[in-house]
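Quick notes on the structure that follows.
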Amino acid sequence: MNSISLRLVLAALAAAASPTAIAAPVEQLTVVSNGEKVGSVVATTDGNHVTVDFGIDNNGRGAKHRQEIDLGTTGVPTQITVNGTSLMGGPVAEEYRWSAGKATWTSQADRGSARRPDPAVYIVNDDNPYMLGIYARAALASAGGSVDVLPAGRVTIAKLRDLKISGKDGAAVDVSVYRLQGVQLNPSYLVLDGDKRLFAAFGAGDVGTTIREGFEKDVPTLGKLYTELETERMGDLQAKLAHRFTDPVRITNVRIFDPRTGQLSPLSHVVVMRNRITQIMPAQGAPAAAGEVLIDGEGGTLYPGLHDMHGHATLESGLMYLAAGVTSVRDMGNDNRFMQALLPMIDTGKVAWPRIIPSGFIEGRSPFSARYGFIPETIDDALKAVRWYADRDYAEIKLYNSFNPDWVKPVAAEAHRLGLRVSGHVPAFDTPDRVVEDGYDAIAHINQLMLGWILEPGEDTRTALRLTAMSRAGKLDLASPRVQKTVELMKRHGTALDTTAVILEQLMLSRAGEEPALSKDYLSHLPIGYQRFRKRSYVQLGGAESDADYQASFAKILDTVAMMHKSGIRLLPGTDDGTGFTVLRELELYVKAGLTPAETLHLATYGAEEYLGRTHQLGTIERGKLADFVLVAGDPTRDITAIKRPRMVVKDGMVYFPSEIYTALNIKPFTEAPTVRKPVTPVAIEAAGDPVGFGYTHIPHAD
120 MNSISLRLVL AALAAAASPT AIAAPVEQLT VVSNGEKVGS VVATTDGNHV TVDFGIDNNG
180 RGAKHRQEID LGTTGVPTQI TVNGTSLMGG PVAEEYRWSA GKATWTSQAD RGSARRPDPA
240 VYIVNDDNPY MLGIYARAAL ASAGGSVDVL PAGRVTIAKL RDLKISGKDG AAVDVSVYRL
300 QGVQLNPSYL VLDGDKRLFA AFGAGDVGTT IREGFEKDVP TLGKLYTELE TERMGDLQAK
360 LAHRFTDPVR ITNVRIFDPR TGQLSPLSHV VVMRNRITQI MPAQGAPAAA GEVLIDGEGG
420 TLYPGLHDMH GHATLESGLM YLAAGVTSVR DMGNDNRFMQ ALLPMIDTGK VAWPRIIPSG
480 FIEGRSPFSA RYGFIPETID DALKAVRWYA DRDYAEIKLY NSFNPDWVKP VAAEAHRLGL
540 RVSGHVPAFD TPDRVVEDGY DAIAHINQLM LGWILEPGED TRTALRLTAM SRAGKLDLAS
600 PRVQKTVELM KRHGTALDTT AVILEQLMLS RAGEEPALSK DYLSHLPIGY QRFRKRSYVQ
660 LGGAESDADY QASFAKILDT VAMMHKSGIR LLPGTDDGTG FTVLRELELY VKAGLTPAET
720 LHLATYGAEE YLGRTHQLGT IERGKLADFV LVAGDPTRDI TAIKRPRMVV KDGMVYFPSE
780 IYTALNIKPF TEAPTVRKPV TPVAIEAAGD PVGFGYTHIP HAD
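Under this note's numbering, the residues of the sequence shown are numbered 120 to 822, in order.
Structure, rendered in structure tokens:
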């Protein structure tokens, strides 16, 4: 017997001796995005040792690292090392060790230690889908399906259903589907086989769907299952958190922000019936009528709902957006099947979500393609994709990095003929000037604009260079003819810019082990796994000089925001993120760039609706308009950070209290809900007394 065969026999014997150990010597899983293979997970078991090779190549980026794991007798790791690179190429060197009752760890995010008599479950900062199986087995082996984890927190697992899945050879496998919560901000869905080995993982993060090799054809089935399971969960949350009133709702004692003037009104009352604003009146001398719900604004500010003009929708992000005061999201590319399922659920109020404006994603074929939407092989295919989106009431077409520059003009012409706007990245080897002249209505991301002033001919923005080249921006002269030519072209054509400055701040200025400036106001309220995820370096730094280049370059990004605004270019505040928190930071960055808070709020409310063509219905708080607005304490026209603590959000007449949303999502709330008084029957009024004269009893939060 050769040494390899002997190792496999020993591995099988070790697996048989431990019910929680992994039986298979080699487990191979495929990572799939939009029907295409984009990565792999290969786990090789040798006794109690597992080596996991993980790699992703999608959209010109992806984590690549090797993990070494030593398993204890219960299947919980006693030692873990991870070495490689993270999403954008930043270095990964993580280590966890348990020995003699003490656990120690070092990661990008932190270092620490804890006394534990037995090996504890450690949540790896730079992990891979294989680790989800380890977390799941540990939770299943614990009482109640829940286990404490390091560095902090608790992971919980719940079995949802049993399935049979058949591979390409027709052989069926009995599996079970679980929901795993506590690792990240959103839950993961796992499929485990009869031996509790990982068969598939889906539903969390941007990795895609991971599935056992040979079963790739079943990914669409898992996609449908994810939508079904998350719809059920989000539907339950919507029923609990969305307050629908059959009576008129009067919000009292508020100052109303008018984004057209930048001013606040005197203290006023606003009345909403169903989804419309029916009355606005001065607070003085405007008594409430019997039968109204009263919500006391306590002198706070009411402003129109905010917009994220560059999002990528998930089912889970809807509640996060609403809790931040975001009532409209321009989706800038998604899985088409998912979007077609999501839109009717939003329309019928089945799930909690802002109004959504979908953009149809069209990419080009290359080794760096992003796997979203359509990837046409010919110009005729690209035009068919435009028509597909137009038939399904998409508002816009988004073109991406690998799209053929010569196809931009005919695709834009066809989109405009059908009433759709056109925006997107500047395709590789194209220029901002050319896409503006070819028909772009907006450029996506401020770095996509600025790269046109920075890059040398032939440099390839399909790779991570579209981020790392921004380290050169610090030396950019914004008054130069090259820059000003583009600005004049955009003015002449009415081309807008969706900035996403916040995602560039995150990618360029995040440093391992440090709390990023963009998240200081909220990160400590979130689950520990998400906190650690944000405390990392996304770019590879070459020392103090490289760090200084990125710092200076981000400052130049803010200078560019200010310059574009002063030049009359329409700015569309966007994030490329789905937490809602980053929308608030994006607006804070506008103020840091030199815009006034009132100008910034204008862009995020009425200005966005001007671009979308909906100002007759939305964008201001006026009688007859749809009821989308936010209540905060204080005056955000003086201090933009007031928007970071919404007390109430109304979307299409449905009332949400962020404190309730965050509590339901295991996030520590940031403020309290306002006082609500509901109407009661005349009999109850007579019995209880009516000290305020309106026929109300006081309740803390309305149902």
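By construction, the Cβ of each residue, glycine as well, lies at the ideal position given by its N, Cα and C atoms.
Remember, predicted model here, so these are calculated numbers, not experimental data.
Just how far apart, CA to CA, sit ILE676 and GLU607? Here residue 676 refers to the residue found at position 557 of the sequence shown. Here residue 607 refers to the residue found at position 488 of the sequence shown. Between ILE676 and GLU607, the alpha-carbon positions lie close to 18 Å from each other.
What alpha helix (DSSP H) runs, 4 residues minimum, are completely inside the segment 400–444? Listed in chain order, they are 436–442.
Beta-carbon proximity of GLY558 to ALA532, cut-off 8 Å: Looking up residue 558 in the sequence shown gives position 439. Looking up residue 532 in the sequence shown gives position 413. Yes, Cβ-Cβ distance for GLY558 and ALA532 is below 8 Å.
Out of LEU720, LYS336, GLY571, which one is the CA nearest neighbour of PRO755? The count along the sequence shown starts at 1 and reaches residue 755 at position 636. Here the closest residue by C-alpha is LEU720.
For the beta strand (DSSP E) containing MET773, name the first residue and the last one. Position 654 of the sequence shown, counting from 1, holds the residue named residue 773. MET773 -> beta strand (DSSP E) spans 773–775.
Decide if the segment 452–468 is in contact with the segment 427–440; the criterion is three or more beta carbon pairs, one per stretch, under 8 Å apart. Short answer: they touch.
With distances taken between CB atoms, is the gap from ALA489 to ILE565 smaller than 8 Å? As a working mapping, residue 489 is identified with position 370 in the sequence shown. As a working mapping, residue 565 is identified with position 446 in the sequence shown. Contact: no.
Look at ARG369 and VAL412 and say whether their C-beta atoms are less than 8 Å apart. Within the sequence shown, the letter at position 250 stands for residue 369. Within the sequence shown, the letter at position 293 stands for residue 412. The answer is yes: Cβ separation under 8 Å.
Taking only three categories from DSSP, how would you classify ILE141? Translated into positions along the sequence shown, residue 141 becomes position 22. Unreliable placement is indicated for ILE141, whose pLDDT of 43 sits below 50; no coordinate value is reported for it.
Just the C-alpha distance for PRO138 and ILE188, rounded to the nearest angstrom, thanks. Stepping through the sequence shown from its first residue, residue 138 is reached at position 19. Stepping through the sequence shown from its first residue, residue 188 is reached at position 69. Any reading at PRO138 must be qualified, since the residue scores a pLDDT of 38, below 50, and its modelled position is unreliable; no value is offered.
Do you know how far the Cα of ARG316 is from the Cα of ARG185? Mapped onto the sequence shown, residue 185 falls at position 66. Mapped onto the sequence shown, residue 316 falls at position 197. Per the coordinates, the alpha-carbon of ARG185 lies some 19 Å from the alpha-carbon of ARG316.
Sequence-distant residues of its chain with Cβ nearer than 7 Å to VAL201 (five each side left out): Within the sequence shown, residue 201 is the residue found at index 82, counting from 1. If the five residues before and after VAL201 are omitted, its C-beta is found closer than 7 Å to the C-beta atoms of HIS184, GLN186, VAL211, GLU213, VAL243, ASP245, all from its own chain and listed in chain order.
Rounded to whole angstroms, what is the Cα-Cα separation between GLN567 and ASP617? Counting from one through the sequence shown, the residue named residue 567 turns up at place 448. Counting from one through the sequence shown, the residue named residue 617 turns up at place 498. Straight through space, the alpha carbons of ASP617 and GLN567 are spaced by roughly 10 Å.
I'd like to check one pair, TYR345 with GLY381: are the Cβ atoms closer than 8 Å? As a position in the sequence shown, residue 381 is number 262, starting the count at 1. As a position in the sequence shown, residue 345 is number 226, starting the count at 1. Cβ atoms of GLY381 and TYR345: not closer than 8 Å.
In or out: SER226 buried (at least 16 other Cβ within 10 Å) or exposed? Counted from its first residue, the sequence shown places residue 226 at position 107. SER226 comes out buried.
Using a 10 Å radius around the Cβ and a threshold of 16 neighbouring Cβ atoms, would you call THR580 buried or exposed? Sequence index remark: in the sequence shown, residue 580 carries index 461 (1-based). With 16 or more other Cβ atoms within 10 Å, it is buried.
MET207 burial status per 10 Å Cβ neighbour count (16 or more: buried): In the sequence shown, counting from the first residue as 1, residue 207 sits at position 88. Buried is the call here.
Where do the N-terminal and C-terminal ends of the alpha helix (DSSP H) with ASN453 fall, by residue? Numbered from its first residue, the sequence shown carries residue 453 at position 334. Careful: ASN453 lies outside any alpha helix (DSSP H) and carries neither H nor E.
Please identify the residue among THR679, LYS528, ALA636 whose C-alpha is closest to the C-alpha of SER599. Reading the sequence shown from its first residue, position 480 is the one you call residue 599. The residue with the shortest Cα to Cα distance from SER599 is THR679.
May I ask which residues mark the beginning and end of the alpha helix (DSSP H) holding MET589? Walking along the sequence shown from the start, residue 589 turns up at place 470. According to the DSSP assignment, MET589 belongs to no alpha helix (DSSP H), since it is labelled neither H nor E.
Can you tell me where the beta strand (DSSP E) with GLN227 in it begins and where it stops? Here residue 227 refers to the residue found at position 108 of the sequence shown. Segment: none, GLN227 is in no beta strand (DSSP E) and carries neither H nor E.
Under a three-way DSSP split, which group does ALA239 fall into? Looking up residue 239 in the sequence shown gives position 120. Residue state, collapsed to three classes: coil.
Where does THR800 land, buried or exposed, given buried means 16+ other C-beta within 10 angstroms? As a first step, residue 800 must be located in the sequence shown, where it is residue number 681. With a pLDDT of only 48 at THR800, under 50, the local geometry of the prediction cannot be trusted, and no value is derived from it.
Tell me where the alpha helix (DSSP H) around GLN670 begins and ends. As a first step, residue 670 must be located in the sequence shown, where it is residue number 551. Per DSSP, GLN670 belongs to the alpha helix (DSSP H) from 663–685.
May I ask you to list the residues that DSSP assigns as paired with GLN300? Residue numbering aside, residue 300 sits at position 181 when the sequence shown is read from its first letter. In DSSP, GLN300 forms a bridge with THR275.
8 Å CB neighbourhood of LEU539 in its chain, flanking five on each side removed: Walking along the sequence shown from the start, residue 539 turns up at place 420. Around LEU539: GLY479, VAL505, TYR508, ALA509, TYR513, ALA514, GLU515, ILE516.
State the Cα-Cα distance for the pair VAL389 and GLY738, rounded to the nearest angstrom. Position 270 of the sequence shown, counted from the first residue, corresponds to residue 389. Position 619 of the sequence shown, counted from the first residue, corresponds to residue 738. The C-alpha of VAL389 lies about 16 Å from the C-alpha of GLY738.
Straight-line Cα distance separating ASP596 from VAL602: Taking the first residue of the sequence shown as position 1, residue 602 is located at position 483. Taking the first residue of the sequence shown as position 1, residue 596 is located at position 477. The alpha-carbon atoms of VAL602 and ASP596 are separated by roughly 8 Å.
Buried or exposed: GLU664, going by 16 or more other Cβ atoms within 10 Å of its Cβ? Working through the sequence shown from its first residue, we reach residue 664 at position 545. Exposed: under 16 other Cβ atoms inside 10 Å.
DSSP three-state assignment for ASP596, whether helix, strand or coil: If you number the sequence shown from 1, residue 596 lands on position 477. Coil, per DSSP.
Where do the ends of the beta strand (DSSP E) carrying THR98 lie? The first residue shown for the chain is 120 and the last is 822, placing residue 98 beyond what the model contains.
When burial is assigned at 16 or more other CB atoms within 10 Å of the CB, is ARG757 buried or exposed? Position 638 of the sequence shown holds residue 757. Taking all protein chains shown into account, ARG757 has fewer than 16 neighbouring C-beta atoms within 10 Å of its C-beta and is therefore exposed.
Bridge partners for SER295 per DSSP, in chain order? Counting from 1 along the sequence shown, the entry for residue 295 is found at position 176. DSSP links SER295 through a beta bridge to ASP281, LEU311.
List the DSSP bridge partners of THR329. Here residue 329 corresponds to residue number 210 of the sequence shown, with the count starting at 1. BP columns for THR329 point to VAL150, ALA320.
Simplified DSSP assignment, three categories, for ILE786: Numbered from its first residue, the sequence shown carries residue 786 at position 667. Reduced to three states, the DSSP call for ILE786 is coil.
Do PHE748 and ARG764 have their C-beta atoms closer together than 8 Å? Position 629 of the sequence shown, counting from 1, holds the residue named residue 748. Position 645 of the sequence shown, counting from 1, holds the residue named residue 764. Their beta carbons are not under 8 Å apart, which means PHE748 does not touch ARG764 by this criterion.
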